[in-house]
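Chemist: Going line by line, the protein sequences match chains A and B.
Those letters in the first sequence? Residues 344 to 896, by the working numbering.
Those letters in the second sequence? Residues -13 to 887, by the working numbering.
Glycine included, C-beta positions come from ideal geometry on N, C-alpha and C.
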Amino acid sequence: MSKNLTQLARRKGIDNTLFQRLVIGEDSKSKAERSDLAKEYLVGEAIVHGTASFYDFIDGSNANKKAYVCNGSSCLCAGTQQAVTDKLSAQLGQENIGHVTCLGRCGQNSAFQINGENFSGDDINALTDGVMPNAFTSQEHYHVTTNLAEPILTAAIDNVDSYYALFNQLIQNHTVDSLLEQISDSGLRGRGGAGFPTGFKWKSCRDANGEEKYIVCNADEGDAGAYSDRYLLEQRPHTVLFGMLMAGYLSGAKTGVLYIRDEYPAAISETKRAIEQFQALNISCDDWHFNFKIVKGAGAYICGEETALLRSIEGQRPLVSVRPPFPTQSGLFGCPTIVNNVETFASVHWILDGNIERFRAMGNGKSTGSKLISLDSSFVKPGIYEVAMGCSLQEVIDLAGGYARPLKALHIGGPLGGVVPINQVANLSIDFESFAQAGFLLGHASVIGIGEEIKMIEYIEHLFDFTAVESCGKCYPCKLGSVRGQEMIQNAIDGTQKINQTLLNDLLETMQLGSLCALGGGVPLPINNILQYFADEIGEFIETQTAQEVEHG
Amino acid sequence: MANATAFLNGVAHEIRAGESILEFSRRLEQYIPTLCDDPRLDAYGSCRVCSVDVALTADGPRKVMASCHTPISDGMHIYSDSPRVEKLRRNIVELVLSDHPSDCNDCDANLNCELQDVAIATGVREIRFAKGKKSADALPAVSIDQSHPYMRMDLTKCIDCNRCIRACDEIQGEQVLSASGRGFASRIIKGQDVSFADSDCVSCGACAQTCPTGAISDVFRADLTKDADVVRTVCSYCGVGCNLNVSVQDGKILSIEAPEDAEVNAGHTCLKGRYAWRFYNHPDRLDTPLVRIDGELQPVSWPYAFDYIAKRMQSIKAEHGANALAGISSARCTNEENYLLQKMMRVVLGTNNIDCCARVCHSPTAYGMQKSFGTGAATNSIEDLKHTEFIMLIGANPTSAHPVTGAKIKQKVMKGTPLLVIDPVKTELARYADWHIQLRPGTNVAVLNMMAYYIISEGLVDSHFIESRTEAYQEYHDAIMALDIDYLATLSGVDKNLVKDAAIAYAKSHAAMSFHGLGVTEHSQGSRAIMCIADLTMLTGNVGREGVGMNPLRGQNNVQGAADMGCQPHQGAGYFPVDEYQQYYQEHYNANVPSDIGYKIPEMFNAALAGELKALWIMGEDVVQTDPNQDHVVASLSNLDLLVVQEIFLSETAKMADVVLPGSSFLEKSGTFTNGERRVQKVNAVVNPKEGCKTDGQIVVEMMNALGYPQADYSADTMLEEISQVVPFFAGITWQNLGENGLQWPVNEQGQDTKILHIDSFKRGLGKFHFYEFEESVEVEKNSEHYPYILTTSRNLEHYNCGTMTRRTSNGDIVSEDILLINTDDAKAKNIQDNSKVRLFSARGEIELTAQISNKVKPGVLFTTFHFPELMINRVTGDVTDKETLCPEYKVVSVEFEGVS
C-alpha cells in the first residue's frame, strides 16, 4: 500500500473515489480521460492505469463483454456451464462472452449474467436474439430453512421503524462500554471465515485515536459456493445496516461503507433501497449521525481480503497490505476502521435485543450463535440454512433432504476451505473448532458437492488455477507458487511429467508458511485434503520416489 | 524497569521501540536475506524471503513470520536460521529463479545483483520445476526501453519486488511507476504503459538505485564494476547539498549514486546530481590560460598569465587606487576558495569591492533576517520537516529548483500536512496546496501584510512569545491594523477570504515551517518581504523550536558559504561589518585591510560604465547571461581596462575577458560547501583537475603570490584551519571532525553544531518587528502602460542557471529550450497557438521564443526560464533592484508580446 495514495484518497473522501469513477459504467476510459482523472486525483497516470488494469470488469480481455458465464466451483462441479456458454455463443458470438467467478447462483447453477442482471437454472432457455425478454425475471428459487425455534438471521422484518427503535432504546439505556461488553459477552465471532472476536475488534477501534473512523462491511462474497451474504443483502438488508449503525455508534464512526461485489446486482439495488428507508428514519444522537455508502466491486476475488478491500476503495491496486497496522488502527483512508462480514453485522440486532445469553448458549462455548450455511445444487433442497453453532453437519444435510446426486466429497468453506470426503461428514459439527481439529475449515460455510464423476486431480488443478488467476501477485509464494503448482498438475494430467511428491510438498509448505494472506496460505489445505483422502485416485499421477528421495523428502 | 530485550537465535539483545525484527537484526549486524526490502521504504512484505521463526517463549510454539513487517516485542524469541525457515527461503528463491533468465553472464547486473547475492546466501542450487511459463512471455515484443537519455528498463530481469514503484512514490513522490494487471501477469508500467521518454519521469534515478536486479537501470550503471573506487562528495548544483558517491576508475568517472546514510539526502538525489556530470570532461572545457593579445584570446602559460595580471593590476592600483579593482566570487566554489578570493581582494589588493552571486539571489534574505533575527540564515534544518504540522511556501518551486527538499515537502503534503503556497505560478506543489494564493508578481508585501492583519484581528497571535522574545510590536500592530485590506486584495489580485483562511490555519498550527525562495527576494521590496515573513513567524511564535522557523531555500550549492566567507562588500568573513571591525580583521590577517564599504555587483557595473572601476576579477560566474539588463552589463564590462575570468567553459562573460584562467569543477577539488541549512560538508576531489587546469583555490593562491603576498598552496584542511580562526561560527570545525555528514554552524570550539537557531533568544537579542507599506515597483509604474504584461522568470528541473554545465550533458536532450508560458485567455486574445513562436519585448530589448499555453499562470502574467544563451532572457529584464540590497528584480518585468508570423 501507499500511504501517499491513501491520504490523497482521503482528501477526496468516500463520496468521490477514484475507484468508483473507474467502475462507473465499467467502460474503459480513454487515455485522455484517465490522464484527466490522474490530475484531478493528484496521482500519477500509472496509478489510474495500474488500478483499472487489476479488475476483471474494468480493463483487460474480460471487460465489456455482452454476457458473462459463471465458472465458479459449484457450476463447474454441476457440469452445467458448457450448455450455457454454447447457447450464449450461438446468439452473441463467442468473442462477446466473458467469464465470472461465482454469481452466487449455486443453488441452481447454469448461472450467467447479461446486461448487468443475473440468471440461473432454466432461465437460459428464455434467451432470445441475444437478450433476455423485457418482461422476463429470473426464476431463481432456493430454500431458506432453519431448525431454530426462533430464527435469528433468517427472521423476517415486518416493520423497519420498530426494528430500528431498538437503537434509540439501547443508546438511551446503556453506555457505550456496556454495549461493547454485551457484544463481547455474546461470543460473536467474525463470520467471514477467520472467526475473530467481534467485541474485541470493535473495542480496539473505539480505543483508537482519531476523529474520523469508518465501518466497512465486507460484502465481497467471492467464495464460490457461498451466497448467504447475497441472501442477507437481498432479503434482510436491515439486519446488516443495523449492525453497522451500532458499530458506528459504539466506535465513534459516522460513515458505513458497504463494499458489494459487482456480481451481485440485486444485492446492490436492495441495499440501496434499504439505505433510503433507513435515511427516512432520521436516526441520530446529538451531533452524531450515520451515513451509508455503497462501493461496487469490479471483479477481483482478492478484494474479499480486508486490506485489499480497503485499498480497493482508496483507488489503489488492491494488493494485500502487511499487518500491523491492523484496520482498527489504520484502515480506510488511514483512519481506524472496523471491517466485518455481512453476517457478523447481521447478528448484532438479535444479540442486543436482550438475547446475549441465548446467543452465547448456542454452540460449543467458543463458537456461539447461529450460522448460515449455503448448500448448492448437489443437495435435494439447495438453499440457505440457519442452524445453531455446534449443529452436526449431517443434520444440515438431512434438513436439505440429503444429496441430490452421488458425491465423493464436499468442498466446505470456499476455495480455501477443506475438501471433506463423504465418510468424514459424520465427524463434523458446524463450528470453527470441529472443522479445525479435523483438518478442515468452516470458513464462510459454503458447501459444494463434488460428484463421483469429478476427477480429483482436475479439482486440484482447478484450485491452483483459481489461485493463480485471483492472486493479487504481491507475495512470491502465492503469485509464483500457484502457477508452478498448476503447471505441475497440468503436466501430470497431460502425461508430460508425473508429480514429484517432494517438490509438491515443498511447494505447498512454501505457500502455506510463506504467503502474505489466506489465499496463497489457504489453498494448500484443500489440496492436502485431497492428497490425503484421495491418495488412491491421485497415486497414478505421482512419480515413484527412490528410497533416497523418500528419506530426504 | 529493565530494558526490553528479545532473543535472536538464543542471545538476548536490547530492543528499540518501533523496530521490526529485520531492523533489529540489521542493527545487530545479523544478516537476514531479503529481496523486496529497502530500509528507506515502508515495509512491504512481498518477497517473504526474510521470514523467521518466532516464539513467545524459548520453547514455545514457533510461527513463521516475515521479519520486515513484524514488530519486535519484549521477550520474543527469533530464530533466523532454523531449518524450516532456511528451507522456506530456499524454496521461495527457487520459485523466483524459475521465472527469471537463467544465464547471469549475459546480464549487465552480473556481480552487482541482489538476487544473485540472495540465491547464493540461501543456497539454491537447482530449479526443480519443469520449464514452465514465464511472466516475461507476456511482455511486448520490444521489451527493453531505451527511449530515455538516462533511464533503462528491461523487464525480463524484473522480480516484481515493486521497490521501483515504491521509491517513485515514497521517495520522489512522482508515481510515474505502477504495475498493470494482477498476479503472475502483472508487470511494471510507466504512466499509462508508455516509454520512459513519453512518461512524466523526472529522471531522479531512485528506481534504478533501488532495483535489486538490472530491470531498471541507467546508462551509467551498466558500466559499473565492483572494483571501481567510490569517492563521497557533495553535489555542486543547488543549495540542498546532496551527498554523492562517485564511482571512479583509472581517473574516469563511471557513475554517481546517492549514499543511503547521507543525512541530507538519504540515498536520493535528482537528475542533475545523479546524471548531469559529463560536463566535467566535455571537449569544450578550457585547458589553458588565455590572454587577449591583438584583440584575440590566445593561449599562454600560467606564469605568463599571472605575471600579466599582476602587472596590470598593480599599475591600475597605482594609477586609480585600490577601489578601481573589484572581485566577484563564486557560489559554485568551495568555502576555502571564496575565503581566498575575498582575502586577495581585501588583504592583497586593499579593497572591499568583493561580492558574490548572493547579491542577485538571497542577499535580501541575509539582510532581512539579520535585521529581524540577527542571523541571515535558515533558522532550522530540513530534517524539521519530520516534525512540522504546517508548511508555508512562498515564492519557491522546490520540486524543480531544490528537488530533494521539494520531494521531502511533497511527501509531507501528500500525507496530509497542510500546505500554503504564495506564488504567482501554479507550481507542482501548488497543485497539492490547501491554499494557493496566486498573487500578482511583486505584491508579496501586500499579501504578507494581509496575513498579519488576519492573524491579529482573529486574535491568533502568540502573546507570550511576542512579549518575551520581540520588540517594536505595538507600532507594527498599529500599522497593520490600519491597512485597507480590500485595497491590498485588489491590487495583488487575490481573494481576501482565501488569505484569511490561510492565515487562520497558519496561526492555529502548533508547528508551522516556512520556506521561501527567489520569488520573495528578487523584487524591489525583496528585503522587506523577508522581514514580513519574519514578522509572521514571530507573531505566531514559530521560531526556535523543532518543526518551525523561517528557511530560505538557498539557490546555489555554496551561496550560503560564499556570504559566510565574507564575499560581500560590507561584511568580512564571519559577517563582521568592515567599517567597525577593521581592527579585528587586521589582527587576524596580520595585515592592513580597508574599512570603507565596497561596491555591490550592480554598483560595480555602474562604476565600470562610469570609468571609476577599471579591473574586475570574476571567479566562476557568468554575469553576461545571468545578470539583468544584459546590454547594460555588456557595456559595463566593455568599459573595463582589465577583466579576468576564472571559468571551466568559455562562457558569455569569459568571451569578453582579457584573461581567462581555466579552473576546475567540483569533481576535481576538495574543500567544503555550506548548504541552505548551514551544514558545512566535505567536498572530496574525485579526479585530478583536467590537464592544464588548476583548482580555483590554487589559481587565487598563485595570483596572491604573483602579487607579492606569500600564501601557502591550496589545501582544504589548512584553509579550513585558517577560516576557523577568523569566522567565529566555524570555531570548532576541522577537516577531520566534519565527518561524512558535515556540521551545521555555529559550531563551538568543542565541535558541537547547531540544528536550530534562536532557541532561547535571538542572535540580536530580541526579535524585531518591521512594518513596510506595499510599494508598487518602479518597473510597473514606469513601463506598464506600454508593456502591460508581467514576466516572471525561474528555473526548471533539468537545467541549472545559465546551463553551462547541464547543457553539456544529456539533460539538454530532455529540455532543449526556454519556453514562455501564456495563459489561455491571453493567448486567445492575441491569437497565439500552442508551440508557436512569439516575440517578447520590454523597454530594454526583445527576444523570440516558443509559447506554451498554460493555466499555470494567470491572465496578464507570463513565465519563462533563463537557461539558454541562444535566448538570453536577460535582454529584456530590467534595472530595478531591491531597495536595501540591490538584488535585481528578475521576478517582475513589464513586457509586451506578439505572435511571429
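1. In terms of alpha-carbon separation, which member of A/G591, A/K408 and A/R377 lies closest to A/G393?
2. At least one CB of chain B closer than 8 Å to the CB of A/Y384: is that the case?
3. Spell out whether any CB of chain A is found under 8 Å from the CB atom of B/H55.
4. Going by beta carbon distance, what residues of the same chain come within less than 8 Å of B/L729, once the five residues before and after it are set aside?
5. I'd like to confirm the pairing. Which residues does DSSP put opposite B/Q572 in its beta bridges?
6. For B/I839, which residues from the same chain have a beta carbon less than 7 Å from its beta carbon, with the 5 sequence-adjacent residues on both sides left out?
7. Grab me the residues of B/G313's own chain with a C-beta within less than 6 Å of its C-beta, minus the 5 sequence neighbours each way, in chain order.
8. Is it the case that the segment 167 to 183 of chain B contacts the segment 122 to 139 of chain B, given that we only count it when at least three CB pairs across the two stretches are under 8 Å?
9. Could you compute how far the alpha carbon of A/I803 sits from the alpha carbon of B/S37?
10. Please tell me whether A/R377 has its Cβ less than 8 Å away from any Cβ of chain B.
11. Given that a residue counts as buried once 16 or more other Cβ atoms are within 10 Å of its Cβ, and exposed if not, what is B/S6?
12. Could you check where the beta strand (DSSP E) with B/P648 kicks off and where it finishes?
13. Counting only the same chain and skipping the five closest in sequence on each side, list residues whose C-beta sits under 6 Å from that of B/A643.
14. List the residues of chain A that B/V50 touches, going by C-beta distances under 8 Å, in chain order.
15. Of the choices B/I685, B/H348 and B/D617, whose alpha-carbon is the least far from that of B/A548?
16. Using a Cβ distance threshold of 8 Å, determine whether the segment 747 to 763 of chain A contacts the segment 567 to 582 of chain A, with at least three qualifying pairs required.
17. For A/D808, report the span of its alpha helix (DSSP H) as first-last.
18. In three-state terms, what does DSSP make of B/D140?
19. Any beta carbon of chain B sitting closer than 8 Å to that of A/F667?
20. Helix, strand or coil for B/M499? Go by DSSP, reduced to three states.
21. Alpha carbon to alpha carbon, what distance is there between B/G61 and B/M(-13)?
22. Could you check what DSSP says for A/L856 in three-state terms: helix, strand or coil?
23. Using a Cβ-Cβ distance under 8 Å, would B/Q178 count as near chain A?
24. Measuring only the C-alpha atoms, how far is B/A698 from A/N347?
25. Name the chain A residues whose beta carbon is nearer than 8 Å to that of B/R889?
26. Report the rounded CA-to-CA distance for A/R354 versus A/L361, giving the unit in angstroms.
27. Please classify B/F359: does DSSP put it in a helix, a strand, or coil?
28. To the nearest angstrom, how far is it from the Cα of B/L446 to the Cα of B/T456?
29. Identify, in the order they occur along the chain, each residue of the same chain with its Cβ nearer than 8 Å to the Cβ of B/Y294, setting aside the five sequence neighbours on each side.
30. Return the first residue and the last residue of the alpha helix (DSSP H) that A/K841 is part of.
31. Taking the alpha helix (DSSP H) that B/D627 belongs to, which residues open and close that run?
32. Say the cut is 7 Å; is the CB of A/A395 nearer than that to a heavy atom of the ligand COA?
33. Within 10 angstroms of the Cβ of B/V79, are there 16 or more other Cβ atoms? Answer buried if so, exposed if not.
34. Mapping DSSP to helix, strand and coil, what is A/G591?
35. Judging by CA-CA distance, which residue of A/D466, A/V663 and A/I514 is the nearest neighbour of A/P975?
36. Taking DSSP as the reference, what is the three-state secondary structure of A/V926?
Modeler: So, from the data block:
1. Here residue 393 of chain A refers to the residue found at position 50 when the first sequence is read from its first residue. Distances from the CA of A/G393 to each of A/G591, A/K408 and A/R377 were compared; the closest alpha carbon is that of A/R377.
2. The residue you call residue 384 of chain A lines up with position 41 of the first sequence. Not one chain B Cβ lies under 8 Å of A/Y384.
3. Locating residue 55 of chain B in the second sequence gives position 69, counting from the first residue. Yes, its Cβ sits closer than 8 Å to a Cβ of chain A.
4. For this step, residue 729 of chain B is matched to residue 743 along the second sequence. R665, V666, G718, I719, N723, G737 and D739, listed in sequence order.
5. Start at 1 with the first residue of the second sequence, and residue 572 of chain B comes out as number 586. Answer is none; B/Q572 lacks a bridge partner.
6. The residue given as residue 839 of chain B occupies position 853 in the second sequence. Excluding positions up to five away in sequence, the list reads I808, T810, A813 and D820.
7. Translated into the one-based positions of the second sequence, residue 313 of chain B becomes position 327. Answer for B/G313: L327, M331, I340 and W603, listed in chain order.
8. Counting Cβ pairs under 8 Å, three or more are found: they touch.
9. In the first sequence, counting from the first residue as 1, residue 803 of chain A sits at position 460. In the second sequence, counting from the first residue as 1, residue 37 of chain B sits at position 51. Looking at the two C-alpha atoms, the distance is approximately 27 Å.
10. In the first sequence, counting from the first residue as 1, residue 377 of chain A sits at position 34. At least one beta carbon of chain B lies nearer than 8 Å to the beta carbon of A/R377.
11. Here residue 6 of chain B corresponds to residue number 20 of the second sequence, with the count starting at 1. Under this definition B/S6 is a buried residue.
12. Position 662 of the second sequence holds residue 648 of chain B. V645 to P648 is the extent of the beta strand (DSSP E) around B/P648.
13. Looking up residue 643 of chain B in the second sequence gives position 657. Answer for B/A643: L629 and V631, listed in chain order.
14. Taking the first residue of the second sequence as 1, we reach residue 50 of chain B at position 64. Contact note: B/V50 reaches chain A through L856 and G857, using a C-beta cutoff of 8 Å and chain order.
15. Counted from its first residue, the second sequence places residue 548 of chain B at position 562. Selected option, being the one with the closest Cα: B/H348.
16. Touching, yes.
17. Position 465 of the first sequence, counting from 1, holds the residue named residue 808 of chain A. According to the DSSP assignment, A/D808 belongs to the alpha helix (DSSP H) that extends over M799 to E813.
18. Your numbering for residue 140 of chain B matches position 154 in the second sequence. Looking at B/D140 - three-state DSSP - the assignment turns out to be strand.
19. Residue numbering aside, residue 667 of chain A sits at position 324 when the first sequence is read from its first letter. As written in the sequence, residue 667 of chain A is Pro, which differs from the Phe given in the question. Yes, A/P667 lies at the interface with chain B (some Cβ there is under 8 Å from its Cβ).
20. Indexing the second sequence from 1 puts residue 499 of chain B at position 513. Note: B/M499 maps to strand in three-state DSSP.
21. Within the second sequence, numbered from 1, the residue matching residue -13 of chain B stands at position 1. Within the second sequence, numbered from 1, the residue matching residue 61 of chain B stands at position 75. In this predicted model, B/M(-13) has a pLDDT of only 49, less than 50, meaning its place in the structure is not dependable; the value taken from the coordinates is given anyway. Approximately 14 Å, taken between the alpha carbons.
22. As a working note, residue 856 of chain A is residue 513 in the first sequence. DSSP places A/L856 in helix when its eight states are reduced to three.
23. Looking up residue 178 of chain B in the second sequence gives position 192. So, interface residue.
24. Position 712 of the second sequence, counted from the start, is the residue given in the question as residue 698 of chain B. Position 4 of the first sequence, counted from the start, is the residue given in the question as residue 347 of chain A. Going by the C-alpha atoms only, they are around 54 Å apart.
25. There is simply no residue 889 of chain B to check, as chain B begins at -13 and stops at 887 in what is shown.
26. Numbered from 1 along the first sequence, position 11 holds the residue referred to as residue 354 of chain A. Numbered from 1 along the first sequence, position 18 holds the residue referred to as residue 361 of chain A. Rounded to whole angstroms, the gap between the alpha carbons of A/R354 and A/L361 is 11 Å.
27. Your numbering for residue 359 of chain B matches position 373 in the second sequence. Looking at B/F359 - three-state DSSP - the assignment turns out to be coil, as it is neither helix nor strand.
28. Looking up residue 446 of chain B in the second sequence gives position 460. Looking up residue 456 of chain B in the second sequence gives position 470. In this structure, the alpha-carbon of B/L446 lies about 16 Å from that of B/T456.
29. Mapped onto the second sequence, residue 294 of chain B falls at position 308. Once the five neighbours on either side are set aside, the close Cβ partners of B/Y294 are V277, V286 and V645.
30. By one-based count along the first sequence, residue 841 of chain A stands at place 498. Careful: A/K841 lies outside any alpha helix (DSSP H) and carries neither H nor E.
31. Locating residue 627 of chain B in the second sequence gives position 641, where the first residue counts as 1. Counting along the chain, B/D627 falls outside any alpha helix (DSSP H), and DSSP gives it neither H nor E.
32. This structure simply doesn't include the ligand COA, nor any ligand for that matter.
33. Reading the second sequence from its first residue, position 93 is the one you call residue 79 of chain B. Classification of B/V79: buried, given that the 10 Å Cβ count is 16 or more.
34. Within the first sequence, residue 591 of chain A is the residue found at index 248, counting from 1. Helix at A/G591.
35. In the structure displayed, chain A extends from 344 to 896; residue 975 of chain A sits before or after that span and is not available.
36. Nothing about residue 926 of chain A can be read from this structure; chain A reaches only from 344 to 896.
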